Each structure stands twice: as structure tokens, then as C-alpha cells.
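Everything on this sheet refers to the single structure shown next.
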Amino acid sequence: MDPTEFHCDGETITVPATPLVLPPPLPPPPSNNYFARHWRGELSLPKSYWVNGLVFGLIVGAAIASIGYGVNSRGEAQPMVWLVTLVGSWVIVALFTMWQAVGVWRSATRYKASGKHFWGGLAKTVTVLGVINLAYNCLFVGTAQLAGIYEIIDGDARVGAHQFKVLANGQMLEFSGGITFGVANELNGFLQAMGNVRTVKLNSMGGRILEAQRMSNLIRARGLITFVEKDCMSACTIVFLGGKERVVWPAARIGFHQPAFRGMTAASRRVAIATEMTRLQSFGLSRQFAERANTATPSGMWFPDKDELVREKVVTRVMQPPPVVAKPAPNSTPSPTASAAPTAAPVVDTAKALPGVAARAAAQEGRATIPADVIKRLSGEMSRLGMKKTQPVAPTPAPDAAPAAPAPVAEQK
Numbered sequence: 052m053d054p055t056e057f058h059c060d061g062e063t064i065t066v067p068a069t070p071l072v073l074p075p076p077l078p079p080p081p082s083n084n085y086f087a088r089h090w091r092g093e094l095s096l097p098k099s100y101w102v103n104g105l106v107f108g109l110i111v112g113a114a115i116a117s118i119g120y121g122v123n124s125r126g127e128a129q130p131m132v133w134l135v136t137l138v139g140s141w142v143i144v145a146l147f148t149m150w151q152a153v154g155v156w157r158s159a160t161r162y163k164a165s166g167k168h169f170w171g172g173l174a175k176t177v178t179v180l181g182v183i184n185l186a187y188n189c190l191f192v193g194t195a196q197l198a199g200i201y202e203i204i205d206g207d208a209r210v211g212a213h214q215f216k217v218l219a220n221g222q223m224l225e226f227s228g229g230i231t232f233g234v235a236n237e238l239n240g241f242l243q244a245m246g247n248v249r250t251v252k253l254n255s256m257g258g259r260i261l262e263a264q265r266m267s268n269l270i271r272a273r274g275l276i277t278f279v280e281k282d283c284m285s286a287c288t289i290v291f292l293g294g295k296e297r298v299v300w301p302a303a304r305i306g307f308h309q310p311a312f313r314g315m316t317a318a319s320r321r322v323a324i325a326t327e328m329t330r331l332q333s334f335g336l337s338r339q340f341a342e343r344a345n346t347a348t349p350s351g352m353w354f355p356d357k358d359e360l361v362r363e364k365v366v367t368r369v370m371q372p373p374p375v376v377a378k379p380a381p382n383s384t385p386s387p388t389a390s391a392a393p394t395a396a397p398v399v400d401t402a403k404a405l406p407g408v409a410a411r412a413a414a415q416e417g418r419a420t421i422p423a424d425v426i427k428r429l430s431g432e433m434s435r436l437g438m439k440k441t442q443p444v445a446p447t448p449a450p451d452a453a454p455a456a457p458a459p460v461a462e463q464k
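For any residue, its number in this note's numbering is found by taking its place in the sequence shown, counting from 1, and adding 51.
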């Protein structure tokens with residue numbers, strides 16, 4: 052605008068032009084996107100609640116379940132993938148629930164304003180309960196699941212350390228301790244290096260079910276004998292059942308209970324129990340035994356007697372320990388009772404059934420050694436697999452000491 056001039060008493064006064072002020076631009080029209088309209092509460096209450104809440108909820112749930120199935124169907128231990136998948140799933144659930152809740156709440160407000168107070172109020176009540184349920188599950192289920200997976204990534208200290216021992220000149224391999232992720236790879240390395248191994252001795256309180264199944268598969272594929280002298284509980288029973296022959300001593304304990312893991316809900320517990328019942332029946336056990344094996348709580352343990360174990364073919368032989376003859380003192384005469392025959396046992400041919408046990412009993416006076424070729428193959432195989440923490444240990448003349456028993460851990464069977 053041009054400046055304005057005024058004339059007064061012969062003087063000219065120029066007034067600068069005032070710039071033209073335009074009104075602010077109109078806001079952009081609201082998006083017609085379906086999801087945005089739900090968020091603003093512009094959709095009808097029935098559509099917001101039933102379609103966006105129920106139908107979309109089923110779709111999101113099915114998608115998350117499919118992702119979980121795809122991750123777990125590989126049968127491999129991949130804790131980092133589990134962690135990322137779990138975090139992503141909970142984030143998706145939280146975002147969807149908030150989107151659904153806000154849209155339903157705003158739509159219900161419009162619904163009540165039109166005079167339909169009952170349905171609008173009921174929809175708001177259900178929405179609040181849904182948000183509370185989400186918060187509860189995030190706090191008590193999601194965080195527990197995350198803690199459980201992080202525990203695995205951090206070394207699974209609660210499951211406990213483990214150890215492999217090569218016994219009886221390479222004819223027997225002993226595993227003791229917790230079944231943590233990675234143990235199956237170590238077992239595979241030992242078995243590939245030990246050409247003469249016939250028996251796998253177990254002494255374990257359990258651990259991770261998935262890893263126990265992988266160990267069981269390795270033993271079954273090679274047709275090896277599994278042997279328990281002391282304890283085999285929880286997930287260890289899966290490893291034991293992989294043996295072509297399954298031998299125990301009379302004092303051995305075989306224990307079963309329900310599976311468990313952190314953040315387990317009632318629904319996931321039912322699925323886990325059904326899975327373990329199917330697993331036990333796949334080993335040839337009866338449905339009745341599989342049901343009873345899953346009645347003990349995760350904090351308890353069911354120990355079937357030897358007759359039932361043999362009847363169900365959990366155990367194929369119960370045998371007496373081989374007699375150990377003490378070395379007589381110099382200038383002493385052995386007493387008649389020292390050479391007395393041992394108590395009769397269901398299986399007496401110990402040397403044929405368990406050559407490793409017989410060899411150890413015969414070698415009480417001298418230290419057993421691992422053949423050089425076995426050590427060489429073990430070193431090469433362990434280097435290839437990158438295993439550093441577990442080394443083959445030669446047996447000592449004295450009877451094996453019982454390892455420290457870790458407390459029952461998550462994801463046991």
C-alpha cells in the first residue's frame with residue numbers, strides 16, 4: 052500500500068503505509084485415514100469397539116503368534132532373537148491397545164452425548180479394564196519374560212555350571228551339572244571326537260528343555276546307552292530317554308515335574324504341559340505315565356519307583372554296582388567276608404552292559420588315562436566349535452563325588 056500524505060498549514064505530513072495483514076491460513080482438513088478417524092473418535096461406537104477392538108485384536112494376536120512360531124520352530128537356541136521378538140511383540144501390543152482404547156473412549160463420549168448413556172458408559176468401563184489388564188501383564192508377565200531371556204544371555208547362572216568327563220579310556224562320557232544353552236554343541240563335539248564311546252553317564256538336576264531335546268537327539272542318533280548312577284531330574288530325563296538302552300543303579304533317582312519358565316501364564320502352562328506329555332509319549336511311554344509325570348508342580352518332583360520305571364520302559368535295566376575289591380594291607384590275610392559274593396542284582400553282566408563302569412571298577416588301583424588320539428580329536432573339535440570353558444577330565448581312582456545340585460530352574464521338565 053502506498054504511503055498517505057496530509058497537508059496542514061503548508062506542511063506535508065507523510066504517514067507510512069500500514070502493511071496488509073492477512074488472516075492465518077485455515078488448518079488442513081482432517082485426514083480421512085481410517086486409523087486416524089478411529090483415533091479421533093469419529094467412527095461409530097459399534098465399529099470402534101467390535102471391528103477395531105475385537106477383529107483387529109484377533110489379527111494382531113495371530114500375527115504375533117505366527118512370528119513366535121516362526122522363531123521357535125527352528126529348534127535352535129537363539130536368545131537374542133527371542134529377546135528382540137519379545138520386546139517387539141510387547142511394544143506392538145501396547146501401541147495397539149492404546150490406539151484402540153483412545154478411539155473407543157472418544158467414540159463412546161460422542162455416543163453418550165447423543166443420549167445413549169448406557170452403552171457409552173459400558174464401553175468406557177470395558178476400555179478401562181482392558182488398559183488395566185495390559186498394565187498388569189506388562190508388569191508381571193512381560194518383565195518376567197524379559198528377565199528370563201536376559202538371564203539366558205547372561206550365562207544362565209541359576210541353571211548352574213556343567214562339566215564333561217571322558218571315562219574308561221574313551222568308552223564313556225559323563226555329563227554333570229545344569230543343561231544350559233550351548234551344551235548340546237559341546238556334547239556333539241565330544242561325540243565326534245570319541246570314536247569308541249558307547250555310554251553317556253548323566254548326573255543333572257535339569258535345565259533348558261530345548262537343549263535337553265537336542266542332546267537326546269544326538270544320543271539317539273548314535274544308538275548310545277544312557278546311564279544314571281545318582282540323579283537325573285527335570286529336563287535331564289529327556290536326555291536319558293534318548294538312550295538306546297537306559298541303565299540305572301538301584302540308588303539312582305529319576306525325577307519328573309511340570310515345565311516352567313518366567314512369566315508363564317495359566318494358558319501357556321497348559322500348552323507347555325500338553326507339549327511335554329506329547330514328548331514323553333513320543334519316547335514310547337504311556338499316556339497315564341505322561342500325565343502323572345506332569346502332575347508335580349515345578350517346585351516339586353515325582354520319583355517313580357524302579358518297578359514302574361522298568362514297566363514303562365523309562366529304564367531298560369536296573370543293575371547293581373560292580374564290586375570293588377579293596378587292596379589288602381601288607382602281611383594281612385583277607386577275611387572270608389571280604390571276598391563274599393555281592394548281593395544278587397537284576398542284571399549281573401555289568402561288563403557287557405556298561406563296559407565303562409566295569410573298566411573303572413577294575414582300575415581302582417591306578418589312574419585311568421585318556422588315549423592320546425581321543426585327546427587330539429577332542430582338541431581339534433573343540434577348537435572348531437570355539438569351546439573353551441569345558442575340558443575333558445581324566446577320572447580319578449576314587450569314586451566320583453556328587454556335584455553340587457543346583458536348585459530347580461526355569462523351563463524345567
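Glycine included, every Cβ here is placed at the ideal spot set by N, Cα and C.
Since this is a predicted model, take the numbers as computed values, not measurements.
Check	Outcome
Residue closest to Ile-110, alpha-carbon to alpha-carbon, out of Ile-143, Asn-188, Ala-344 and Phe-169	Ile-143
Those residues which DSSP pairs with Val-298 across a bridge	Phe-278 and Arg-368
Cβ shell of Lys-357 (< 6 Å), same chain only, five flanking positions each side left out	Val-369
Thr-326: first and last residue of the uninterrupted alpha helix (DSSP H) it sits in	317-333
Test item: CB-CB of Gln-332 and Ala-323 under 8 Å	no
Status (buried if at least 16 other CB within 10 Å, exposed otherwise) for Gly-229	buried
Residues bridged to Arg-161 (per DSSP)	Bridge partners of Arg-161: none, in fact.
Distance between Asn-254 and Met-223 (C-alpha atoms, nearest Å)	13 Å
Delimiting residues of the beta strand (DSSP E) encompassing Asp-250	Strictly speaking, residue 250 in this sequence is Thr, with Asp absent from that position. Residues 250-255.
Simplified DSSP assignment, three categories, for His-89	helix
Through-space distance from Thr-316 to Leu-180, alpha-carbon basis	19 Å
Val-217 (DSSP reduced to helix, strand or coil)	strand
C-beta atoms of Arg-304 and Val-366 nearer than 8 Å	no
Between the CA atoms of Val-153 and Arg-259 - distance to the nearest angstrom	41 Å
Sequence-distant residues of its chain with Cβ nearer than 6 Å to Thr-394 (five each side left out)	For Thr-394, the predicted model reports a pLDDT of 36, less than 50, meaning its position is unreliable; a value from the coordinates is still stated below. Hits under 6 Å: none found.
Sub-8 Å separation of Ala-235 and Met-256 beta-carbons	no
Reduced DSSP category for Ala-413 - H, G, I as helix; E, B as strand; rest coil	Residue placement at Ala-413 cannot be trusted, given a pLDDT of 46 that sits under 50; the coordinates are not used to answer.
Per DSSP, the bridge partner or partners of Cys-283	Ser-255 and Ile-305
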